[in-house]
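For the sequence shown, full-length UniProt numbering begins at 1 and goes up steadily by one. Here's the structure, in C-alpha cells; my notes come after.
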Amino acid sequence: MHADEVDIDEALVRRLVGEQFPAWAGLPVERVDSAGTSNAMYRLGADMVVRLPRLSGSVEDVEREHRWLRGLAAALPVPVPAPLGMGDPGDGYPYPWSVFRWLDGETPVAGRPLAEPALFAKDMAEFITALREVDPTGAPAAYRSDPLASRDTATREAVAGLRGVVDVDAVTAVWDAALRAAPWQGPGVWVHGDLQPGNVLVHEGRLGAVIDFECMGTADPAVDLIAAWYLMDAEARPVFRTALGPAVDDDMWARGQGWALTIALMELSYYQETNPVMADTARCVIGRLTGLAD
Numbered sequence: 001m002h003a004d005e006v007d008i009d010e011a012l013v014r015r016l017v018g019e020q021f022p023a024w025a026g027l028p029v030e031r032v033d034s035a036g037t038s039n040a041m042y043r044l045g046a047d048m049v050v051r052l053p054r055l056s057g058s059v060e061d062v063e064r065e066h067r068w069l070r071g072l073a074a075a076l077p078v079p080v081p082a083p084l085g086m087g088d089p090g091d092g093y094p095y096p097w098s099v100f101r102w103l104d105g106e107t108p109v110a111g112r113p114l115a116e117p118a119l120f121a122k123d124m125a126e127f128i129t130a131l132r133e134v135d136p137t138g139a140p141a142a143y144r145s146d147p148l149a150s151r152d153t154a155t156r157e158a159v160a161g162l163r164g165v166v167d168v169d170a171v172t173a174v175w176d177a178a179l180r181a182a183p184w185q186g187p188g189v190w191v192h193g194d195l196q197p198g199n200v201l202v203h204e205g206r207l208g209a210v211i212d213f214e215c216m217g218t219a220d221p222a223v224d225l226i227a228a229w230y231l232m233d234a235e236a237r238p239v240f241r242t243a244l245g246p247a248v249d250d251d252m253w254a255r256g257q258g259w260a261l262t263i264a265l266m267e268l269s270y271y272q273e274t275n276p277v278m279a280d281t282a283r284c285v286i287g288r289l290t291g292l293a294d
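See below:
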C-alpha cells in the first residue's frame, strides 16, 4: 500500500516475540486478514495479537496507546485493546511494536446492513458519550485535531483529482455546507478519531469492542460523528444523533459530515488502486453523504 512501508511476515514476528518475550515463544503466529493501512497484525496464540507499524509515521502511536488505553478502558462501556507488552526494534525491524489482548468479533462491511442497526447506533452513541466525559487533563492532541477549515485546500484538490470517480458538484456542495457551520469553540474532548469499519468489532449486530486508537486524543467532538456515515445507514443515523443528545446541534452535525467527507475523499484518492476495501468504504461514505447511496 505504501512505497516506504517495512516488510513484515510471520517469520519476523516469531523471531521478535521469541527474542523479546520468551514466555510466548513457540506460540502459533498467524497473519490477521485486515484492510488496515498503518499496522500489520498477527494473532499470537489464542488470546493475543501482535501489532506492528508499517510506517515511521505510526511509531509515536505505539507509546500513546500504551500510555492511555488502560485508563480509558475503565471508563468505556465496551472492551478496548489491553496492552500486554511493548516490543523494541530488532532483527531488522526498525520500530517499537505491541502485544495486545485479542478481542473477538467481526468488523462490519460498509454498505452491508447490521442485524440490529438501531441498537448498534445507541451503542456507538454510548461509547462516544463516555469517551467525551473522560478527563482530558494532560491528554495529547488527536491526529485530527485541527479545525475542519484547515483541510479545505487538500480536500478540494482531492475532489479535482477524483473527477469522473465522484459527483464533483454534489461532493462540493456537502463540503461547502460543512465549512459554513460554526467552528467548535470549546476545549478539546477525548475522541477516538477514526470510527470506521476496520476499527470496531460487532457481535450479533451490537457494538462488541472498539479497536485501533492510534488517532485518539483531544479534538472537536464532531470528529467522532464520522461514525454516522462510516458505520450506519439512513435508518440508524437519526437514532445515533438522538442518543447523543442536544449537544449535537446542527453545526456539529454539519462538521461531522465534513470530517467524514474529507477523510473518505483522501482515502479514495490514495487507496483506490492499492486497498479495495478502504476504497469501497470511502465510496460508500461519499454516496451516503451526497444522497446517492445508503
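Backbone N, C-alpha and C define an ideal beta-carbon position, used for all residues, glycine too.
Entirely within the region 83-149 and at least 4 residues each: give me those alpha helix (DSSP H) ranges in chain order. 117-132
With distances taken from CA atoms, which of 226, 249 and 140 is nearest residue 61? 140
Which class does residue 207 belong to by DSSP, given the choice of helix, strand or coil? strand
Are residue 101 and residue 84 closer than 9 Å when you measure CB to CB? yes
Considering only the alpha carbon of each residue, which of 22, 21, 4 and 28 lies closest to residue 11? 28
Quick check on DSSP: helix, strand or coil for residue 39? strand
Considering only the alpha carbon of each residue, which of 262, 110 and 226 lies closest to residue 193? If we check each option's Cα against that of residue 193, 226 comes out closest.
Determine whether the beta carbon atoms of residue 251 and residue 182 lie at a separation below 9 Å. yes
Taking only heavy atoms of the ligand NAP into account, decide whether any of them is closer than 8 Å to the Cβ of residue 134. Within the structure as shown, the ligand NAP is missing, as the structure has no ligands at all.
From residue 168 to residue 159, what does the alpha carbon distance come to, in whole angstroms? 6 Å
Compare the C-beta of residue 57 with all C-beta atoms of chain C and state if any pair is closer than 9 Å. The displayed structure is made up of one protein chain only, and chain C is not part of it.
Can you tell me whether residue 187 is buried or exposed? The criterion is at least 16 other CB atoms within 10 Å of its CB, across all chains shown. Residue 187 should be labelled exposed.
Reference residue 191, options 150, 136, 147 and 175, closest by Cα: 136
Have a look at 230, 221 and 264 and flag the residue whose alpha-carbon is nearest the alpha-carbon of residue 306. Residue coverage of the chain in this structure runs from 1 to 294, which leaves residue 306 outside it and unanswerable.
Could you spell out the range, first to last residue, of the alpha helix (DSSP H) harbouring residue 16? 10-20
Three-state secondary structure (DSSP) of residue 219: strand
Under 6 Å Cβ to Cβ from residue 128, same chain only, skipping five residues before and after it: list those, please. 224
Find the nearest neighbour of residue 38 within the set 20, 114, 269 and 199, judged by alpha-carbon distance. 199
Please determine, among 120, 92 and 53, the residue with the shortest C-alpha to C-alpha distance to residue 241. 120
Between which two residues does the beta strand (DSSP E) harbouring residue 331 extend? Look at the range of the chain in this structure, 1 to 294, and you will see that residue 331 is not part of it.
From the DSSP output, which residues share a beta bridge with residue 31? Answer by DSSP bridge pairing, in chain order: 42.
Residue 185, buried or exposed, once every other Cβ within 10 Å from all chains shown has been counted against 16: It counts as exposed.
From 18, 95 and 24, residue whose alpha carbon lies closest to that of residue 57: 95
Check whether the Cβ atoms of residue 289 and residue 261 sit closer than 9 Å, and answer yes or no. Yes; because the gap between Cβ atoms is below 9 Å, this pair is in contact.
Whole-angstrom distance between residue 99 and residue 164, CA atom to CA atom: 43 Å
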